[in-house]
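Some notes on the structure that comes next.
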Amino acid sequence: MIENYNLFLLVCGIAFLFGALFPILFKRTPISLPMLQVSFGLLMGYWWTSLSFLNPMDNGLIIEKLTEIVVLVSLVGAGIKIDTELSWHLWRPTVRLL
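Sequential numbering from 20 applies to the sequence shown in this note's numbering.
Structure follows, in structure tokens:
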């Protein structure tokens with residue numbers, strides 16, 4: 020599937036680190052991590068349409084794994100914000116998202 024496994028693990032580690040540190044570093048800005056991820060995906064799709072490894076018909080497994088990584092990084096970023104006390108009123112938005 021992925022020829023260079025160490026590079027893959029490095030990218031995953033950087034993505035998780037970015038997902039964990041982004042909410043802490045950019046607390047006062049109106050930009051969220053999912054906004055950056057969607058923007059990055061749009062830019063990749065617009066400028067790098069000729070990349071052969073992004074063809075979903077030929078390499079669906081790679082696209083699926085990359086999508087799973089994006090979801091995990093987003094969940095890590097959202098999980099860091101969970102510091103509320105246990106009450107239904109405060110957890111209602113989180114339950115709706117789940």
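Positions of the beta carbon are idealized from the N, C-alpha and C atoms, including for glycine. No experiment lies behind these values; they were computed from the predicted model shown.
How big is the Cα-Cα spacing for residue i and residue j?
{"i": "Arg105", "j": "Asn78", "result": "Sequence inspection shows Leu at residue 105; the Arg mentioned does not correspond to that position. Spanning the two alpha carbons is a distance of roughly 43 angstroms."}
{"i": "Pro49", "j": "Ser93", "result": "16 angstroms"}
{"i": "Trp66", "j": "Trp110", "result": "40 angstroms"}
{"i": "Gln56", "j": "Asn23", "result": "23 angstroms"}
{"i": "Pro75", "j": "Leu61", "result": "16 angstroms"}
{"i": "Val30", "j": "Arg47", "result": "27 angstroms"}
{"i": "Gly17", "j": "Met54", "result": "The first residue shown for the chain is 20 and the last is 117, placing residue 17 beyond what the model contains."}
{"i": "Arg115", "j": "Trp107", "result": "12 angstroms"}
{"i": "Phe41", "j": "Leu52", "result": "7 angstroms"}
{"i": "Leu44", "j": "Phe59", "result": "19 angstroms"}
Starting from the Cα of residue i, find the closest Cα among the options and give me that residue.
{"i": "Leu28", "options": "Lys84, His108, Leu62 and Lys46", "result": "Lys84"}
Entirely within the segment 22 to 88 and at least 4 residues each: give me those alpha helix (DSSP H) ranges in chain order. Whole alpha helix (DSSP H) segments, 4+ residues: 24 to 44 and 52 to 66.
For the segment 84 to 95 against the segment 29 to 44, are there 3 or more C-beta pairs whose distance is under 8 angstroms? yes
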